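Residue numbers for the sequence shown follow my numbering, beginning at 1 and rising by one.
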Amino acid sequence: MIDEHRPVARNGLHGFLRDMAEVEIFLGEFASQHPDLRVVSLRMAPLIVSWAPLMDYFLQPGPRMLMGFDPSLQLLSIEDAVDALAHVALTPCAGTFNIAADDAVCISQAIRLCGQLPMPTIESMIKPSSTVDDRRQLREWPVDIDFLRYSCIVDTYRAKNELGWSPKRSIADSISTLRLNGQTPNDRVDSEAALRAFLSRKR
(Lines of atoms letter the chains of each structure in order from A and count residues from 1; the text may use other names and numbers.)
(Lines give C-alpha, C1' and ligand atoms only; values in the text may rest on other atoms or scores of the structure.)
Protein backbone atom coordinates (compact mmCIF):
# COMPACT_ATOMS: atom_id res chain seq x y z
CA MET A 1 0.00 0.00 0.00
CA ILE A 2 1.39 3.38 -1.05
CA ASP A 3 1.47 6.20 1.50
CA GLU A 4 2.33 9.87 1.11
CA HIS A 5 5.96 9.36 2.12
CA ARG A 6 6.70 7.40 -1.03
CA PRO A 7 8.68 9.73 -3.33
CA VAL A 8 7.38 10.58 -6.76
CA ALA A 9 9.44 8.91 -9.49
CA ARG A 10 9.30 10.31 -13.01
CA ASN A 11 11.42 7.57 -14.56
CA GLY A 12 9.34 5.33 -16.79
CA LEU A 13 6.30 7.63 -16.75
CA HIS A 14 4.88 9.18 -19.89
CA GLY A 15 2.30 11.76 -20.87
CA PHE A 16 -0.20 12.89 -18.26
CA LEU A 17 1.29 10.79 -15.45
CA ARG A 18 4.71 12.32 -15.98
CA ASP A 19 3.17 15.80 -16.02
CA MET A 20 1.44 15.10 -12.70
CA ALA A 21 4.66 13.81 -11.15
CA GLU A 22 6.54 16.92 -12.26
CA VAL A 23 3.82 19.19 -10.84
CA GLU A 24 4.01 17.44 -7.46
CA ILE A 25 7.81 17.73 -7.42
CA PHE A 26 7.50 21.44 -8.23
CA LEU A 27 4.96 21.90 -5.42
CA GLY A 28 7.29 20.18 -2.97
CA GLU A 29 10.17 22.47 -3.94
CA PHE A 30 7.92 25.53 -3.75
CA ALA A 31 6.67 24.56 -0.28
CA SER A 32 10.21 24.08 1.02
CA GLN A 33 11.21 27.52 -0.28
CA HIS A 34 8.11 29.21 1.18
CA PRO A 35 7.54 27.74 4.66
CA ASP A 36 5.22 30.64 5.48
CA LEU A 37 2.66 29.36 2.96
CA ARG A 38 0.27 26.44 3.41
CA VAL A 39 0.74 24.21 0.37
CA VAL A 40 -1.44 21.12 -0.08
CA SER A 41 -1.13 18.45 -2.76
CA LEU A 42 -3.94 15.93 -3.25
CA ARG A 43 -3.04 12.64 -4.91
CA MET A 44 -6.50 11.75 -6.17
CA ALA A 45 -7.41 8.38 -7.62
CA PRO A 46 -8.89 8.47 -11.16
CA LEU A 47 -12.33 10.08 -11.10
CA ILE A 48 -15.52 8.23 -11.96
CA VAL A 49 -16.89 10.75 -14.45
CA SER A 50 -17.94 10.37 -18.07
CA TRP A 51 -15.16 12.61 -19.43
CA ALA A 52 -12.28 10.84 -17.65
CA PRO A 53 -9.92 8.89 -19.98
CA LEU A 54 -9.98 5.86 -17.67
CA MET A 55 -13.78 5.67 -17.75
CA ASP A 56 -13.63 6.10 -21.52
CA TYR A 57 -11.47 2.97 -21.57
CA PHE A 58 -13.83 1.01 -19.28
CA LEU A 59 -16.94 1.98 -21.27
CA GLN A 60 -15.63 1.17 -24.75
CA PRO A 61 -16.72 -2.14 -26.35
CA GLY A 62 -14.33 -4.96 -25.46
CA PRO A 63 -11.69 -3.08 -23.43
CA ARG A 64 -8.33 -4.78 -23.82
CA MET A 65 -6.37 -6.22 -20.90
CA LEU A 66 -2.88 -7.66 -20.79
CA MET A 67 -3.26 -11.42 -21.00
CA GLY A 68 -2.42 -13.00 -17.63
CA PHE A 69 -2.77 -9.76 -15.64
CA ASP A 70 -5.72 -8.33 -13.71
CA PRO A 71 -4.34 -5.71 -11.30
CA SER A 72 -6.33 -3.92 -8.62
CA LEU A 73 -6.88 -0.19 -8.56
CA GLN A 74 -8.81 2.47 -6.69
CA LEU A 75 -11.14 5.06 -8.15
CA LEU A 76 -12.94 8.08 -6.70
CA SER A 77 -16.42 9.54 -7.11
CA ILE A 78 -16.65 13.19 -8.13
CA GLU A 79 -18.67 13.90 -4.97
CA ASP A 80 -15.93 12.53 -2.72
CA ALA A 81 -13.32 14.51 -4.68
CA VAL A 82 -15.21 17.77 -4.15
CA ASP A 83 -15.67 16.89 -0.48
CA ALA A 84 -11.91 16.42 -0.13
CA LEU A 85 -11.27 19.86 -1.65
CA ALA A 86 -13.73 21.40 0.81
CA HIS A 87 -11.99 19.72 3.76
CA VAL A 88 -8.64 21.07 2.58
CA ALA A 89 -10.04 24.60 2.29
CA LEU A 90 -11.48 24.47 5.81
CA THR A 91 -8.66 22.64 7.60
CA PRO A 92 -5.30 24.19 8.60
CA CYS A 93 -3.21 21.46 7.02
CA ALA A 94 -0.27 21.17 4.65
CA GLY A 95 1.54 18.50 2.69
CA THR A 96 0.44 15.60 0.52
CA PHE A 97 -2.73 13.55 0.99
CA ASN A 98 -3.92 10.42 -0.80
CA ILE A 99 -7.58 10.63 -1.80
CA ALA A 100 -9.33 7.45 -2.98
CA ALA A 101 -12.31 5.19 -2.35
CA ASP A 102 -11.99 2.70 0.50
CA ASP A 103 -12.63 -0.26 -1.77
CA ALA A 104 -10.60 -1.48 -4.71
CA VAL A 105 -11.56 -3.40 -7.84
CA CYS A 106 -9.70 -5.44 -10.41
CA ILE A 107 -9.64 -3.98 -13.90
CA SER A 108 -11.88 -6.81 -15.13
CA GLN A 109 -14.42 -5.97 -12.41
CA ALA A 110 -14.45 -2.29 -13.35
CA ILE A 111 -15.01 -3.21 -16.99
CA ARG A 112 -17.93 -5.48 -16.11
CA LEU A 113 -19.43 -2.85 -13.79
CA CYS A 114 -19.47 -0.59 -16.85
CA GLY A 115 -21.44 -3.21 -18.77
CA GLN A 116 -18.59 -4.39 -21.00
CA LEU A 117 -16.59 -7.60 -21.35
CA PRO A 118 -12.77 -7.47 -21.11
CA MET A 119 -10.71 -8.71 -24.03
CA PRO A 120 -7.42 -10.35 -22.93
CA THR A 121 -4.72 -9.38 -25.40
CA ILE A 122 -0.99 -10.00 -25.65
CA GLU A 123 1.09 -6.86 -25.11
CA SER A 124 2.52 -6.80 -28.63
CA MET A 125 -1.04 -6.39 -29.94
CA ILE A 126 -1.83 -3.47 -27.64
CA LYS A 127 0.98 -1.01 -28.31
CA PRO A 128 0.68 -1.00 -32.13
CA SER A 129 -3.04 -0.28 -31.82
CA SER A 130 -2.30 3.42 -31.44
CA THR A 131 -1.81 3.50 -35.21
CA VAL A 132 -5.03 1.67 -36.05
CA ASP A 133 -7.71 3.91 -37.52
CA ASP A 134 -10.74 2.01 -36.24
CA ARG A 135 -10.63 3.19 -32.64
CA ARG A 136 -14.01 1.60 -31.91
CA GLN A 137 -12.31 -1.79 -31.95
CA LEU A 138 -8.83 -0.97 -30.66
CA ARG A 139 -8.33 1.95 -28.30
CA GLU A 140 -5.20 3.24 -26.61
CA TRP A 141 -4.81 2.56 -22.92
CA PRO A 142 -5.33 6.09 -21.50
CA VAL A 143 -2.45 5.93 -19.00
CA ASP A 144 0.87 4.13 -18.70
CA ILE A 145 0.76 0.49 -19.81
CA ASP A 146 2.10 -0.58 -16.40
CA PHE A 147 -1.37 0.11 -14.99
CA LEU A 148 -2.50 -2.93 -16.97
CA ARG A 149 0.18 -4.95 -15.23
CA TYR A 150 0.65 -3.75 -11.64
CA SER A 151 -1.80 -3.01 -8.83
CA CYS A 152 -1.92 0.50 -7.37
CA ILE A 153 -3.49 0.84 -3.92
CA VAL A 154 -2.94 3.91 -1.73
CA ASP A 155 -3.25 4.48 2.01
CA THR A 156 -5.80 7.21 2.85
CA TYR A 157 -5.19 7.16 6.62
CA ARG A 158 -3.60 10.61 6.68
CA ALA A 159 -6.55 12.26 4.93
CA LYS A 160 -8.97 10.62 7.34
CA ASN A 161 -6.89 11.44 10.42
CA GLU A 162 -5.75 15.00 9.64
CA LEU A 163 -8.45 16.30 7.28
CA GLY A 164 -11.39 14.47 8.77
CA TRP A 165 -12.26 13.33 5.24
CA SER A 166 -13.53 9.90 4.31
CA PRO A 167 -15.12 8.62 1.08
CA LYS A 168 -18.88 8.21 1.17
CA ARG A 169 -19.39 6.19 -2.00
CA SER A 170 -18.08 2.84 -3.15
CA ILE A 171 -16.66 2.30 -6.61
CA ALA A 172 -19.55 0.03 -7.62
CA ASP A 173 -22.18 2.55 -6.49
CA SER A 174 -20.46 5.42 -8.28
CA ILE A 175 -20.17 3.52 -11.57
CA SER A 176 -23.80 2.37 -11.30
CA THR A 177 -24.93 5.97 -10.78
CA LEU A 178 -22.90 7.09 -13.79
CA ARG A 179 -24.55 4.46 -15.99
CA LEU A 180 -28.07 5.11 -14.63
CA ASN A 181 -27.72 8.81 -15.36
CA GLY A 182 -27.02 7.92 -18.96
CA GLN A 183 -23.65 9.65 -18.97
CA THR A 184 -21.26 8.39 -21.59
CA PRO A 185 -17.94 9.60 -23.02
CA ASN A 186 -19.96 11.36 -25.74
CA ASP A 187 -21.03 13.88 -23.08
CA ARG A 188 -17.48 15.22 -23.14
CA VAL A 189 -17.88 16.29 -26.77
CA ASP A 190 -21.11 18.12 -25.92
CA SER A 191 -19.49 19.79 -22.90
CA GLU A 192 -16.49 20.96 -24.92
CA ALA A 193 -18.77 22.37 -27.63
CA ALA A 194 -20.81 24.24 -25.01
CA LEU A 195 -17.63 25.66 -23.45
CA ARG A 196 -16.30 26.83 -26.82
CA ALA A 197 -19.62 28.53 -27.57
CA PHE A 198 -19.59 30.25 -24.17
CA LEU A 199 -16.02 31.50 -24.60
CA SER A 200 -16.71 32.79 -28.11
CA ARG A 201 -19.56 34.93 -26.73
CA LYS A 202 -17.15 36.46 -24.17
CA ARG A 203 -14.72 37.72 -26.81
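We put the beta carbon where it would ideally sit given N, CA and C, even for glycine.
Since this is a predicted model, take the numbers as computed values, not measurements.
Output the boundary residues of the alpha helix (DSSP H) element that contains M55. P53 to L59
Three or more C-beta pairs under 8 Å: does that hold for the segment 105 to 120 against the segment 31 to 38? no
Just tell me which of A100, A86, R64 and A52 has its CA closest to the CA of E4. A100
Taking the alpha-carbon of I78 as reference, which of S72, M55 and P71 has the nearest alpha-carbon? M55
Verify whether the separation of the beta carbon atoms of P46 and L75 is less than 8 Å. yes
Short check: CB of T91 to CB of L163, under 8 Å? yes
Can you pull the DSSP bridge partners for R158? Per DSSP, none; premise fails for R158.
Taking the CB atoms as reference points, tell me whether P7 and M65 lie closer together than 8 Å. no
Span of the alpha helix (DSSP H) around T177: I171 to L180
Outcome for S166 when other beta-carbon atoms lying within 10 angstroms are tallied against a minimum of 16: exposed
Thinking C-beta only, is C106 closer than 8 Å to D83? no
Among the residues of its own chain, which have a CB less than 7 Å from the CB of V49, if the five just before and after it don't count? M55 and I78
According to DSSP, simplified to helix, strand and coil, what is A119? It is Met, not Ala, that sits at residue 119 in the sequence shown. Strand.
Who pairs with V240 in a beta bridge, going by DSSP? This structure does not reach residue 240, given that the chain is present from 1 up to 203, and the question cannot be answered.
Compute the Euclidean distance between the alpha carbons of F30 and G95, then round it to the nearest angstrom. 11 Å
Paired residues, beta bridge with T91 - DSSP: T91 pairs with nothing; no bridge assigned.
Between which two residues does the beta strand (DSSP E) harbouring V40 extend? V40 to M44
Taking C-beta to C-beta, are N98 and D146 nearer than 8 Å? no
So L37 is in the beta strand (DSSP E); what residue range does that whole segment cover? Per DSSP, L37 belongs to no beta strand (DSSP E) and is neither H nor E.
Which class does M1 belong to by DSSP, given the choice of helix, strand or coil? coil
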